[in-house]
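1 is the number of the first residue of the sequence shown in this note's numbering; add one for each residue after it.
The beta carbon of each residue, even a glycine, is placed where N, CA and C say it ideally should be.
These numbers come from a predicted model, not from an experiment.
Structure record follows, encoded as structure tokens.
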Amino acid sequence: MDASTCDAPLDQRALSKLRWRCRRGLLENDLFIDSFFARHESGLTVRQAEALGVLMDLSDNDLLDLLLGRKPPQGELARDDVTHVLGMLRAARLPV
């Protein structure tokens, strides 16, 4: 996938699938994710959706540790796009 495709806006079908995939078992994670979508869903790009998908592959507890800053992203999670989306998730919980 080239850079222009990665930075293209996410279409409605892909956004709907992404929202479904982001459903979690821990309420705390859902609060971060719901706030993230409320703030960013209209401007999400394909690259950001892919990075969010990487985060959604984590267990609930590992995801919560990252969201709360208990541990830093390591390994595959240390990519720029994943750390950027992680920052967006964290910031979405802050009051506007």
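Could you name the residues that DSSP lists as bridge partners for residue i?
i  : result
P9 : T45
Throw me the rounded Cβ distance for the residue i and residue j pair, which I believe falls under 8 Å.
i   : j   : result
R21 : M56 : 6 Å
F37 : R23 : Actually they do not touch by this definition, with Cβ atoms about 11 Å apart.
Does DSSP classify residue i as helix, strand or coil?
i    : result
S16  : helix
R21  : helix
D57  : coil
L26  : coil
G75  : helix
R107 : For the chain, the structure presents residues 1 to 96; residue 107 sits outside this window and is missing.
Name the two residues that bound the continuous alpha helix (DSSP H) containing residue i.
i   : result
G87 : 80–92
Could you tell me if the beta carbon of residue i falls within a distance shorter than 7 Å of some heavy atom in the ligand COA?
i  : result
A8 : The ligand content of the structure shown is nil, which means the ligand COA is not present either.
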